[in-house]
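What follows is a short report on a single structure.
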Amino acid sequence: MIEAKGLTKRFDDFVAVDGIDFEVATGETFGFLGPNGAGKSSTMRMIAATSPRSGGDLTVLGMDPAVSGSAIRARLGVVPQDDNLDTELSVMDNLMIYGRYFGLPRSELRVRAAELLEFFQLTERRDDKVDPLSGGMKRRLAVARGLINEPALFLLDEPTTGLDPQARHLLWERLFRLKRDGVTIVLTTHYMDEAEQLCDRLVIMDGGKIVAEGSPRELIRRHSTAEVVELRYLDPDEHQRSFERVDGAGDRVERLTDRIVVYTADGDATLATLQNRGVDVTSAYVRRSGLEDVFLTLTGRSLQD
Amino acid sequence: MTTTSSPVFRLLERELHILRRLWHGIVFSAFVQPVLYLVAMGVGIGTYVDQNSTAALGGLTYVQFVAPGLLAATAFQLGVGDSLWPVMSGTKWDMRYHAMVASPIGPGQVLAAHLGWQAVRTTIATVAFLLVATPLGAIESPWAVLALPAAILLVVATASLVAAFSTSVEDASSFPLVMRIGVLPLFLFSGTFFPISQLPAFLQVLARLSPLYHGVELCRAATSGHASSFGAVVVHVLALLAFTAVGTILGMRSFAKRLTP
């Protein structure tokens, strides 16, 4: 579906994407995970054939975006980070008119739009304007619009950013069904749980570069430990005292401003060790390791900064 | 994929779809505005003007003189108004242009559809204007039908230049200034209400750099049935084509830069 080699995007002196390599296979759900400014959106725009690359090679659906941009876009579905729904049109017309941009016949669009509204639970709002819709509904409509041309490849840039938990879960559930139906999906996110839930494979980006690549499970196994003990203190002195005592209690220790993170194979055993050393563990909690920890390990920074 | 029409026409479908809902208002104002202007200026002011010699007006009554000026000014203002805030919105606020270029449609086609839509709106306004102006005695010649292509050429020249500007600036803060020190003086001093021969020599030179001046002269030649010379008509057409060429080249560049960075 997609092949990138040494893919680069420069804006004047600023290098947004710095020579990245990746491949996406048919039927796969592939993620770009990273903090804001990592180069995820720039990469997505190059794949979407709406931003020319500055260097490297890129093939999308077997074509070069620099040559066959329009033909590629005809077979893509795109959900941008910022909603750009047509505020002058109704919910239904947003799908109909957008479908016309692809040159699809109206009779076919009417059927397809009705199905999509049903699938994304928007049928009751079909004649309403876009503005009064909730954030979750707008995003669902944007996702529905992206599917109006039955795309071979579906690109979503931060699909659930800014949504409340309920709206996120509803959208995830719908995306999961698309994935099950065999739609190839590429998404960017800075939410770990989103990447873990949806992605078969992902790359972690930081500063325009890919710092790791694999399935969520592989990445956790390779770059983190099975479990994590987190210690939080309100008192900075207590934070400091505990930090001095945790050294060697687990495989590795990260000290963040708001917490201390101890990586270990066995969380309960580490907790006992810490208690024996006189560390205050009243606010400690043990959890399984996740992609957040992979990111922290690889970059030394927390993702949501 | 089934292609049923050219991309530009598919974009115009959107505009027509919205117009279908709003057409009462658009058609109503297209008729009311020329009535108000022509009665106030042509008939009201014209009564006093016509008491003096109208030699400077080329033998036309004032209403016959000012009507093509107002017709061209209407097209000019339409082209400017629709190419400032609405174009800025397409690239920055509601970002509908970004949605368009995510489909097979490209930035150049978005610009072409914008200009095409200005031509459609100007056609509605011009037809309404001529229908109102004729019974008021402002139209002298059947050549007046050529005021339509003249007005379309004027609006496309104007809209392409202004849209190129709107996609080159970062925000709309300069737009009120454009209206006040750009559009208003051009509206008043492009031969719209009085011949530019009444202006000081250096302002006459400036007036010739205004697309509106060339549009006014073409519309006036059409509605009066008299041009100073065939060569003058050719010069006005070429001037508007030159403005269109510059506006379109700059616009293609700035639309592409803005929509496909």
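Chains as they are written, first to last, in this note's numbering: chain V, 1 to 305; chain P, 1001 to 1261. For glycine and all other residues, C-beta sits at the position ideal for the given N, C-alpha and C. From a predicted model like this one, the values you see are computed outputs, not experimental measurements.
- Note that the stretch 1022 to 1034 of chain P does not touch the stretch 250 to 263 of chain V; fewer than 3 beta-carbon pairs, one per stretch, sit closer than 8 Å.
- Where Arg255 of chain V is concerned, the enclosing beta strand (DSSP E) starts and stops at Arg252 to Arg255.
- Cβ contact annotation for Thr1192 of chain P (same chain, cutoff 8 Å, sequence separation greater than five): Val1066, Gly1069, Leu1070, Ala1072, Ala1073, Leu1212 and Val1216, in chain order.
- No Cβ-Cβ contact shorter than 8 Å links Pro1149 of chain P with Ala1056 of chain P.
- From the beta-carbon of Pro1104 of chain P, the residues of chain V found nearer than 8 Å are Ser70, Ala71, Arg73, Ala74, Tyr101, Phe102 and Gly103.
- Where Glu194 of chain V is concerned, the enclosing alpha helix (DSSP H) starts and stops at Met192 to Leu198.
- For Tyr285 of chain V, the enclosing beta strand (DSSP E) stretches over residues Tyr285 to Arg288.
- Classified as exposed, Glu124 of chain V has fewer than 16 neighbouring CB atoms from the shown chains inside 10 Å of its CB.
- Assigned with DSSP and collapsed to three states, Gly1108 of chain P falls in helix.
- Looking at the DSSP output, Leu7 of chain V bridges to V:Ile20.
- Neighbours of Ile1018 of chain P in chain V, taken as residues whose beta carbon is under 7 Å from its own, are Glu88 in chain order.
- A Cβ-Cβ separation of about 12 Å leaves Pro151 of chain V out of contact with Gly99 of chain V under the 8 Å criterion.
- With contacts defined as CB atoms closer than 8 Å, Leu163 of chain V and Gly146 of chain V fail to qualify as a contacting pair.
- P:Ala1138 is the residue among P:Pro1142, P:Ile1152, P:Gln1198 and P:Ala1138 whose C-alpha sits nearest the C-alpha of Tyr1062 of chain P.
- If you draw a straight line from the Cα of Gln197 of chain V to the Cα of Arg217 of chain V, it comes to about 11 Å.
- The three-state reading of DSSP puts Tyr263 of chain V in strand, counting E and B together.
- For the pair Met44 of chain V and Asp200 of chain V, the CB atoms are not nearer than the 8 Å cut-off.
- Classified as buried, Arg73 of chain V has 16 or more neighbouring CB atoms from the shown chains inside 10 Å of its CB.
- For the C-beta of Val78 of chain V, the chain P residues within less than 8 Å are, from N- to C-terminus, Ala1102.
- For chain P, none of the residues of the stretch 135 to 157 of chain V brings a beta carbon within less than 7 Å of one of its beta carbons.
- Secondary-structure assignment with DSSP links Arg45 of chain V through no beta bridge to anything.
- Neighbourhood of Ser107 of chain V in chain P, by CB distance below 8 Å: empty, with the nearest CB roughly 11 Å away.
- Linking Glu244 of chain V to Thr160 of chain V through their CA atoms gives a straight-line distance of about 39 Å.
- Under the three-state reduction of DSSP output, Ser1173 of chain P falls in the helix class.
- Not a single C-beta of chain V is nearer than 8 Å to the C-beta of Pro1034 of chain P.
- The beta carbon of Thr1260 of chain P falls within 8 Å of a beta carbon belonging to chain V, placing the residue at that interface.
- Residue pairing of Ile1124 of chain P in beta bridges, as defined by DSSP: absent, with no partner found.
- In the DSSP secondary-structure assignment, Ala1227 of chain P is not bridged to any residue.
- For Glu1013 of chain P, the neighbours in chain V by C-beta distance under 8 Å run, in chain order, Ile97 and Arg100.
- Cβ contact annotation for Ala1119 of chain P (same chain, cutoff 7 Å, sequence separation greater than five): Ile1152, Val1155 and Val1156, in chain order.
- With fewer than three CB-CB distances shorter than 8 Å, the stretch 1033 to 1041 of chain P does not count as touching the stretch 1108 to 1116 of chain P.
- For the C-beta of Pro52 of chain V, the chain P residues within less than 8 Å are, from N- to C-terminus, Thr1260.
- Look at Ser90 of chain V here: in three-state DSSP terms it is strand.
- From the beta-carbon of His1098 of chain P, the residues of chain V found nearer than 9 Å are Thr50, Pro80, Asp82 and Asn84.
- The DSSP assignment places complete beta strand (DSSP E) segments of no fewer than 3 residues inside the stretch 45 to 76 of chain V at 55 to 60, in order along the chain.
- In terms of Cβ geometry, Ala16 of chain V and Gly208 of chain V form a close pair [threshold 8 Å].
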